[in-house]
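J.:
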Amino acid sequence: MKLRRIALAMATLAALLAPIACDSAGPASTQASGGTLTVKIGAIPSIDYGVIKVGEAQGFFAKQGVQVEITNVDSGPNVVTGVVAGQYDLGWTGYAPVLLAVAAGNSDLKLVSNIGLWGKKGDNGGIFVRKDSGITSLTGLAGKKVATNAPRSVLTLTLLAAVAKAGGDPSAIELVTLPFAQIAKAVADKQVDAGVTVEPHQSKGLTQFPDLTDLGDIPAEVLEPGSPSGVVYAKKDLSGDRKTAIDRFQTAIKEALTYADSHPDEVKAAGAPLAGLSAADAAALPDVDYRSEVTADQIAPLVTLMKQYGWVKNDIDLASFVGP
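Positions -23 to -1, 1 to 301 (mature numbering (1 follows the signal peptide of the UniProt record, and there is no 0)) are the ones given, in order, by the sequence shown.
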């Protein structure tokens, strides 16, 4: 199974090799030598970092005069907070955290680029359960402790919707927030009954803890294949070098995504060490559909789910978020 934007997962900082610089908090876009601008991205680590690597290898970012630094962050909401505070120029997460921020009044956030699309059933992630747990279907999660990376992530949202679709009671699920890297062990150690996961942690967890099994692909139960899954966003009210850096990045990432979509093996090979996967494990993952373009109508079903479960009360101005 593979990570689809949201997913994103925690990787070892030391594995984040040049030319992507993994940095801690600091000032945003700075002028580098030769007129190159540096753009700082807060992101949840994933194999999709490979898009940046292959884009750099192909010269797309250098051609635009922009250098990328990625800071690993443990959750989507923390990425959004960093963007709003000016800690990062850009955020790279699933759609739920940034849409929740827009709904809460941060209307100055805007989409810079879509990243990928949700795939067919079996390609998007899963749910760890112990083989001896007696949980054999989504309805069996009612009344159980289920680990998730954030209480209001797209994985949590699709979990609730999928359980309801299967005839279970999502309100009876006790959500436990844990970093992706800790979820498999928590399930294996019986600290929780189940755990929502994504790659690379799904493959790692099933290998490291043979008593675990996968209950199924949750996003695919409620989201159509081809729905937008990952997004890069920024603040609207930027000026000077910061705005210039983001404009340059937007042009470069569009080229990188187009190249990545037709060269999936290169992306997986480049992203494997950044996500903590072996080359063989990365190569075995299904291919990701990479797309830079997205419309408000494509995002709308996710907002409908957010309203259904009380995450937002009013419609979100998606046209303003997506922009022209």
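For every residue, glycine included, the Cβ atom is placed at its ideal position computed from N, Cα and C. Nothing here was measured: the structure is a model prediction, and the numbers come from that model.
From residue 243 to residue 52, what does the alpha carbon distance come to, in whole angstroms?
T.: Your numbering for residue 243 matches position 266 in the sequence shown. Your numbering for residue 52 matches position 75 in the sequence shown. Near 27 Å, if we compare the C-alpha coordinates of residue 52 and residue 243.
J.: Would you please state the rounded distance, in angstroms, between the beta carbons of residue 75 and residue 164? I believe it to be under 8 Å.
T.: Position 98 of the sequence shown, counting from 1, holds the residue named residue 75. Position 187 of the sequence shown, counting from 1, holds the residue named residue 164. Actually they do not touch by this definition, with Cβ atoms about 29 Å apart.
J.: Pull the bridge partners of residue 236 from the DSSP assignment, please.
T.: Your numbering for residue 236 matches position 259 in the sequence shown. DSSP output for residue 236 lists no bridge partner at all.
J.: Is residue 43 helix, strand or coil when you go by DSSP?
T.: Mapped onto the sequence shown, residue 43 falls at position 66. Strand at residue 43.
J.: With three or more C-beta pairs closer than 8 Å as the rule, is the stretch 122 to 139 touching the stretch 218 to 238?
T.: The stretch 218 to 238, when compared against the stretch 122 to 139, does not touch it at the 8 Å Cβ threshold.
J.: Just verifying my parser: in three-state terms, what is the DSSP assignment at residue 52?
T.: In the sequence shown, the residue the question calls residue 52 occupies position 75. In this structure, residue 52 counts as coil in the three-state DSSP scheme.
J.: Under a three-way DSSP split, which group does residue 174 fall into?
T.: Position 197 of the sequence shown, counted from the start, is the residue given in the question as residue 174. Strand at residue 174.
J.: Please name the residue, chosen from 19, 280, 246, 143, that lies closest to residue 264 on a Cα-to-Cα basis.
T.: Your numbering for residue 264 matches position 287 in the sequence shown. Checking every option, the nearest Cα to that of residue 264 belongs to 246.
J.: In this structure, does DSSP put residue 268 in helix, strand or coil?
T.: Here residue 268 refers to the residue found at position 291 when the sequence shown is read from its first residue. Residue state, collapsed to three classes: coil.
J.: With burial defined as no fewer than 16 other Cβ atoms inside 10 Å of the residue's Cβ, what is the status of residue 41: buried or exposed?
T.: Start at 1 with the first residue of the sequence shown, and residue 41 comes out as number 64. Looking at its Cβ environment, which holds 16 or more other Cβ atoms inside 10 Å, residue 41 is buried.
J.: For residue 151 versus residue 262, is the C-beta spacing smaller than 9 Å?
T.: Reading the sequence shown from its first residue, position 174 is the one you call residue 151. Reading the sequence shown from its first residue, position 285 is the one you call residue 262. Not a contact, by the Cβ cut-off of 9 Å.
J.: Restricting to runs no shorter than 3 residues, where is the beta strand (DSSP E) found entirely within the stretch 206 to 252?
T.: Correct list: 207 to 212.
J.: For residue 90, list the residues DSSP reports as bridge partners.
T.: For this step, residue 90 is matched to residue 113 along the sequence shown. 209.
J.: To which residues of the same chain is residue 178 closer than 7 Å at the C-beta, ignoring the five residues directly before and after it?
T.: As a first step, residue 178 must be located in the sequence shown, where it is residue number 201. Only -15, 157, 158, 160, 161 meet the Cβ criterion.
J.: Write down every uninterrupted run of the beta strand (DSSP E) in the stretch 58 to 142 whose length is 3 residues or greater and which is fully enclosed by it, in chain order.
T.: Runs found: 67 to 71, 86 to 91, 103 to 107, 122 to 125.
J.: Within a Cβ cutoff of 6 Å, which residues of the same chain sit near residue 112, ignoring the five residues on either side of it in sequence?
T.: As a position in the sequence shown, residue 112 is number 135, starting the count at 1. 106.
J.: Please work out which residues of its chain come closer than 6 Å, Cβ to Cβ, to residue 146, disregarding the five sequence neighbours upstream and downstream, and give them in chain order.
T.: Walking along the sequence shown from the start, residue 146 turns up at place 169. Closer than 6 Å at Cβ, skipping near neighbours: 119.
J.: In whole angstroms, give me the CA-to-CA distance for residue 43 and residue 73.
T.: Here the question's residue 43 lines up with position 66 in the sequence shown. Here the question's residue 73 lines up with position 96 in the sequence shown. In a straight line, the C-alpha of residue 43 is about 28 Å away from that of residue 73.
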